Ligand SMILES: Cc1ncc(COP(=O)(O)O)c(C=O)c1O
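In my numbering, the protein residues as written are 884 to 1265.
Below, the structure is given as structure tokens:
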């Protein structure tokens, strides 16, 4: 039995999504900018998808710009707002636990004369609202805070952050790639000016995402070309991918979330109870419904990952980032973990396809493999 517990990295594409996408590869393959029938059919599918996605965020269709995914949307949001507002100010506030695409976009902006504040987080991964307030100055143009953390599952309070941004007249962006369809995003209630979402975390295709940009928000595009997507993202539109994205949004439902929460809690509780010297990273409440992130003292997360993989259980470590660096994860360090503890961390992320039997098997194998590694570990003291 193969058990896939790396849904934070990506998800299996839903069969319904495959069906929806296929139609726009084979029968309705037109360019949505073409005027003839097959072009008009593509345009209709595009606008229908835009409506579905806008509705899921409580936004207007013309506020949704389709992109190639979360990385592009985050880059467009941050660089696009920075350059559109450089007369007004050059200061941006983010957190120390953002995804690399936000962090690295901001590090690059520093080379272009922008000033970035990297907010601390507490041991559960939440920002301090007072620190946010006191970091805003008259040059601040944008605050960007991740919604659901991709490593430790912390869900930040967008409404409270949005209120502070509104009171201080600064734009507010969130990276909602992990939280989209898993917890509420309401751009009006949360006072969002920009929000990043993508399809492949929700059983949609890879290489498609969207950026919500509030009406009348000035933004400089990353790409210049034919003026597609309201002049904000040129390039032939990925109609099939977008149709698949909208189908994935339509398929998301509360029952699946509740099922994931139940299995998540079972996995957390059993591991913490049955394996000594373990610690949950991230909060118990206000946590992504599919995220389990646990540190196992005295062992290497990579070794545990490989042993689980040998048994058909696919997870990820919290210690090595996607660039295969040996540095511990910046998120785990930001919540105060020691390097050794960060290196002994596993992230297990569930999906609507995860079953109780798979969770039971994972707990059993984890117990055996952690015990086997600890017997060999020079870090275990007698
Ligand atoms: C929080 C977060 N932001 C951004 C991204 C990047 O999204 P994409 O893979 O669509 O470029 C990811 C996915 O790894 C993510 O988890």
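We put the CB at the ideal spot given by N, CA and C, even for glycine. Quantities reported herein were computed from a predicted structural model and do not represent experimental measurements.
Practice task
State the start and end residues of the unbroken beta strand (DSSP E) segment that holds residue 1078.
Solution key: 1077-1081
Problem - Per DSSP, cross-strand counterpart(s) of residue 1096 - result: Residue pairing by DSSP places residue 1096 opposite 1077 in a beta bridge.
Exercise for the section: Can you grab the Cα-Cα spacing for the pair residue 893 / residue 1084, in whole Å? Expected result: 5 Å
Problem - Three-pair Cβ contact test at 8 Å for the region 1041-1049 versus the region 1009-1026 - result: With the cut-off at 8 Å, the region 1041-1049 and the region 1009-1026 touch.
Problem - Cβ-heavy atom distance, residue 889 to ligand 1, below 7 Å - result: Every heavy atom of ligand 1 is 7 Å or more from the Cβ of residue 889, so no.
Practice task
Specify, as a first and last residue, the run of the alpha helix (DSSP H) that residue 966 falls within.
Solution key: 953-967
Problem - Reduced DSSP secondary structure (H/G/I, E/B, other) of residue 887 - result: strand
Problem - Three or more C-beta pairs below 8 Å linking the region 1049-1058 and the region 986-1005 - result: no
Problem - First through last residue of the alpha helix (DSSP H) which encompasses residue 1213 - result: Per DSSP, residue 1213 belongs to the alpha helix (DSSP H) from 1213-1217.
Handout entry: Distance, residue 921 Cα to residue 1001 Cα
Key = 48 Å
Exercise for the section: For residue 1250, I'd like the list of residues in its chain whose CB is within less than 8 Å of its CB, leaving aside the five on either flank, ordered along the chain. Expected result: 1157, 1158
Problem - 4-residue-minimum alpha helix (DSSP H) runs that sit fully inside the region 900-959, ordered along the chain - result: 920-940
Practice task
Confirm, please, whether the CB-CB distance from residue 1214 to residue 1035 is below 8 Å.
Solution key: The answer is yes: Cβ separation under 8 Å.
Practice task
On a CA-only basis, which of 1243, 943, 912, 1150 is nearest residue 1099? Give me that one, please.
Solution key: 943
Exercise for the section: Go ahead and label residue 933 buried or exposed: buried means 16 or more other beta carbons lie within 10 angstroms of its beta carbon, across all protein chains shown. Expected result: buried
Exercise for the section: Check residue 1234 in the structure and name its three-state DSSP category. Expected result: coil
Practice task
Going by CA-CA distance only, name the one from 972, 988, 1247 that's closest to residue 1341.
Solution key: The structure shown does not extend to residue 1341, since the chain spans only 884 to 1265, so no value can be given for it.
Handout entry: residue 1211, buried or exposed, once every other Cβ within 10 Å from all chains shown has been counted against 16
Key = That one is buried.
Exercise for the section: May I ask you to check if the CB of residue 1083 is nearer than 7 Å to at least one heavy atom of ligand 1? Expected result: Yes - ligand 1 has a heavy atom lying nearer than 7 Å to the Cβ of residue 1083.
Practice task
Compare the beta carbon distance of residue 1125 and residue 908 with 8 Å and say whether it is the shorter of the two.
Solution key: no
Practice task
Starting from the Cα of residue 960, find the closest Cα among 1102, 1169, 1017 and give me that residue.
Solution key: 1102
Handout entry: Residues of its chain near residue 1217, where Cβ-Cβ distance is below 6 Å and the 5 sequence neighbours each way are ignored
Key = Closer than 6 Å at the Cβ level, and outside the excluded window around residue 1217, lie 979, 980, 1004.
Practice task
Using 10 angstroms around the beta-carbon of residue 1205, count the other beta-carbons present and answer buried if the total reaches 16, otherwise exposed.
Solution key: For residue 1205, the pLDDT reaches just 49, beneath the cut-off of 50, and the residue's location in the model is therefore unreliable, although a value from the coordinates is still provided. Exposed, since its Cβ has fewer than 16 Cβ neighbours within 10 Å.
Handout entry: With 16 other Cβ atoms within 10 Å as the buried cut-off, status of residue 1209
Key = exposed
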